[in-house]
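I have placed the structure first, in the form of structure tokens, so that the comments after it can refer back to it.
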Amino acid sequence: MRSVSHNRVWNHKDPFTGSSIFFGRLEKAGFESDGVFVCSATWKDITEARKIRPRFLVARFDGVQHEQLSGRNIYGFVKQRRPALLPAAKAAIWVPDLPASLSEIFNRYLNKRAIWLLRNADVLVFQSQLSRNMCREYLSHRPGDRPETVIFNAVDLDEFRPRKTGKLDGSPAVIIACAIHRLSKRLPQAIRLINCLADDFPRIHLHVLGAFDPLVEAAVSTLDTSRCTFHGRIHHENLATFYSGADVQLSLGVLDPCPNVVCEGLASGLPVLTPAESGAAELIGPANGHWAIQEGIKLETYQSAYVAALTPSLPVDPYIQAFQLIMDDLSEARRRARARAEAALDIRSAAAKYTDFVAGALSNQDVPKPHTNPASS
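Counted the way the numbering used here counts, the sequence shown spans residues 1386 to 1762.
Right under this line is the structure:
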């Protein structure tokens, strides 16, 4: 691959950042990135990109936020992200919904890093088709001016494997994981689902990996959590042990573009229950489509990531039915999960896709770009 003046730069400062974990896996798998900066829409990555001013910038797009600018959303946003400002924000609860033009300004603030990346990248990599659709719907991205592709997140299939030793509490043991549980991850709904499943599976137990934000902590405090164990944040190097001890995984995030945790779970042989509208449904694949539950969540209508009362409720019955089908032949479901990971979620294959995609784009990099280069912005 063509050599340019900057060496590889990876962001490993926060071991719980999904992009940092994935970049580390990608590099370990052999992605040849000399002179190429792969950048997610995070503050650290964008700051680094502006600092080194790479000649070739690869955008790796996750999801995009889209909010209706209402008093409750403003208050929820401050409570989740800036709790110290709560006294000043309480008055916002009584503010009526604001005009769409102001909502657009609010959304530009929430997505300012994604907007910068969309404008300045040489090529675009979307983590899922849902991620691409979000950029088209929320950021008015129109394909055609630069190369773009969809490449799923992926994992080391030797690190994440089906269980050999050890077992988490519960029969079945169910796992739900992320770095930080925010309202959109729907942990309270997962706990309610487990309590309903206990009628048929009295020994069921939910293992929760990840920290809580203040909104979720308040919601969980009102629930029966006797069938739950909260493990907190787990360093990514220790995650495989937890997955290998579980039986089934829940990934209930609303419009979650491409959860790393689902790649890890599938590779560990865990069938994953998820909304059909989530990027996780793309990860489990069409052959396992019966694990994806149609909830009718639409891009253009969901605008309530910071209001607990407006977070989509879970249609419990379809999830119970899908869970029972999995448990009817758990060994076969686990085999199918692992087979899907081997076919679509191997980090070596993802690294090869990145390498080939970037190499093809580099071969045409003398073609003038119709957007702003980060070196001149």
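Quick reminder that beta carbons are idealized off the backbone N, C-alpha and C, glycines included.
TODO: Please confirm whether Leu-1591 and Val-1559 have their CB atoms less than 8 Å apart.
DONE: Looking up residue 1591 in the sequence shown gives position 206. Looking up residue 1559 in the sequence shown gives position 174. Yes; because the gap between Cβ atoms is below 8 Å, this pair is in contact.
TODO: Could you spell out where the alpha helix (DSSP H) holding Ile-1478 opens and where it closes?
DONE: Taking the sequence shown and counting its residues from 1, the one referred to as residue 1478 is at position 93. Taken as a continuous stretch (DSSP letters only), Ile-1478 belongs to no alpha helix (DSSP H), as it is neither H nor E.
Task: Sequence-distant residues of the same chain with beta carbon closer than 7 Å to Ala-1764, five excluded per side - done: It is not possible to answer for residue 1764, since the shown part of the chain is limited to 1386 through 1762.
Open item on the list: What does the Cβ neighbour count give for Leu-1470, buried or exposed, with the cut at 16 atoms within 10 Å?
Closed with: Numbered from 1 along the sequence shown, position 85 holds the residue referred to as residue 1470. Exposed.
- [ ] Would you check if the distance between the CB atom of Gly-1670 and the CB atom of Pro-1547 is smaller than 8 Å?
- [x] As a first step, residue 1670 is located in the sequence shown; it is residue number 285 there, counting from the start. As a first step, residue 1547 is located in the sequence shown; it is residue number 162 there, counting from the start. For the pair Gly-1670 and Pro-1547, the CB atoms are not nearer than the 8 Å cut-off.
TODO: Inspect the beta-carbon positions of Asn-1645 and Gly-1403 and report whether they are closer than 8 Å.
DONE: Position 260 of the sequence shown, counted from the first residue, corresponds to residue 1645. Position 18 of the sequence shown, counted from the first residue, corresponds to residue 1403. Contact annotation: Asn-1645 and Gly-1403 have beta-carbon atoms nearer than 8 Å.
Open item on the list: Which residue marks the beginning of the beta strand (DSSP E) containing Gln-1634, and which one marks its end?
Closed with: Taking the first residue of the sequence shown as 1, we reach residue 1634 at position 249. First-last of the beta strand (DSSP E) with Gln-1634: 1633-1635.
TODO: Enumerate, from N- to C-terminal direction, the unbroken alpha helix (DSSP H) stretches of 4 or more residues contained entirely within the stretch 1543-1582.
DONE: Counting whole runs of 4 or more residues, the stretch 1543-1582 contains the alpha helix (DSSP H) stretches 1572-1582.
Task: Residues that DSSP places opposite Thr-1614 in a beta bridge - done: What you label residue 1614 is simply residue 229 of the sequence shown in a count that begins at 1. In the DSSP assignment, the residues bridged to Thr-1614 are His-1592.
Open item on the list: Do Ser-1663 and Gly-1638 have their beta-carbon atoms positioned less than 8 Å apart in this structure?
Closed with: If you number the sequence shown from 1, residue 1638 lands on position 253. If you number the sequence shown from 1, residue 1663 lands on position 278. For Gly-1638 and Ser-1663, yes; Cβs fall inside 8 Å.
TODO: With Val-1601 as the anchor, note down where its alpha helix (DSSP H) starts and where it stops.
DONE: Translated into the one-based positions of the sequence shown, residue 1601 becomes position 216. The continuous alpha helix (DSSP H) containing Val-1601 extends over residues 1599-1605.
Task: Counterpart residues of Pro-1660 in DSSP-defined beta bridges - done: Residue mapping note: residue 1660 aligns to position 275 of the sequence shown, counting from 1. In DSSP, Pro-1660 forms a bridge with Ile-1678.
Task: Cβ separation of Leu-1411 and Ala-1735, assumed to be a contact under 8 Å, to the nearest whole Å - done: If you number the sequence shown from 1, residue 1411 lands on position 26. If you number the sequence shown from 1, residue 1735 lands on position 350. Contact holds; Cβ gap of about 7 Å.
- [ ] Would you list the residues sitting across from Arg-1521 in a DSSP beta bridge?
- [x] The residue given as residue 1521 occupies position 136 in the sequence shown. For Arg-1521, DSSP assigns no beta-bridge partner whatsoever.
Open item on the list: According to DSSP, simplified to helix, strand and coil, what is Phe-1441?
Closed with: One-based indexing of the sequence shown puts residue 1441 at position 56. Phe-1441 falls in the coil class under three-state DSSP.
TODO: Using three-state DSSP, classify Ala-1746 as helix, strand or coil.
DONE: The residue you call residue 1746 lines up with position 361 of the sequence shown. Note: Ala-1746 maps to helix in three-state DSSP.
Open item on the list: For chain B, check one thing: does any of its Cβ atoms lie closer than 8 Å to the Cβ of Ile-1478?
Closed with: This model lacks chain B altogether, as it is built from one protein chain only.
Task: Segment contact, 8 Å Cβ cut-off, at least three pairs: the stretch 1696-1707 with the stretch 1673-1680 - done: The stretch 1696-1707 makes contact with the stretch 1673-1680; the number of CB pairs closer than 8 Å reaches 3 or more.
Open item on the list: Determine whether the beta carbon atoms of His-1675 and Leu-1710 lie at a separation below 8 Å.
Closed with: Locating residue 1675 in the sequence shown gives position 290, counting from the first residue. Locating residue 1710 in the sequence shown gives position 325, counting from the first residue. In this structure, Leu-1710 lies closer than 8 Å to His-1675 by Cβ.
- [ ] Starting from Leu-1509, follow the beta strand (DSSP E) in both directions and report where the run begins and ends.
- [x] Taking the first residue of the sequence shown as position 1, residue 1509 is located at position 124. DSSP places Leu-1509 inside the beta strand (DSSP E), whose first and last residues are 1508-1511.
- [ ] To the nearest angstrom, report how far apart Val-1389 and Glu-1649 are at their CA atoms.
- [x] As a first step, residue 1389 must be located in the sequence shown, where it is residue number 4. As a first step, residue 1649 must be located in the sequence shown, where it is residue number 264. At Val-1389, the pLDDT of 25 sits below 50, so the modelled position is not reliable; the number obtained from the coordinates is stated separately. Counting only the Cα atoms, Glu-1649 lies some 34 Å from Val-1389.
Task: Contact belief for Asp-1554 with Arg-1531 at Cβ below 8 Å, rounded distance in angstroms - done: Here residue 1554 refers to the residue found at position 169 when the sequence shown is read from its first residue. Here residue 1531 refers to the residue found at position 146 when the sequence shown is read from its first residue. In fact, because the Cβ distance is near 49 Å, the residues do not count as touching under 8 Å.
Open item on the list: Starting from Cys-1648, trace the alpha helix (DSSP H) in both directions and tell me its first and last residue.
Closed with: Counting from 1 along the sequence shown, the entry for residue 1648 is found at position 263. Per DSSP, Cys-1648 belongs to the alpha helix (DSSP H) from 1645-1652.
Task: Proximity winner among Ala-1707, Ser-1689, Asp-1609, Ser-1405, relative to Leu-1635 (alpha-carbon distances) - done: Here the question's residue 1635 lines up with position 250 in the sequence shown. Cα-wise, what sits closest to Leu-1635 is Ala-1707.
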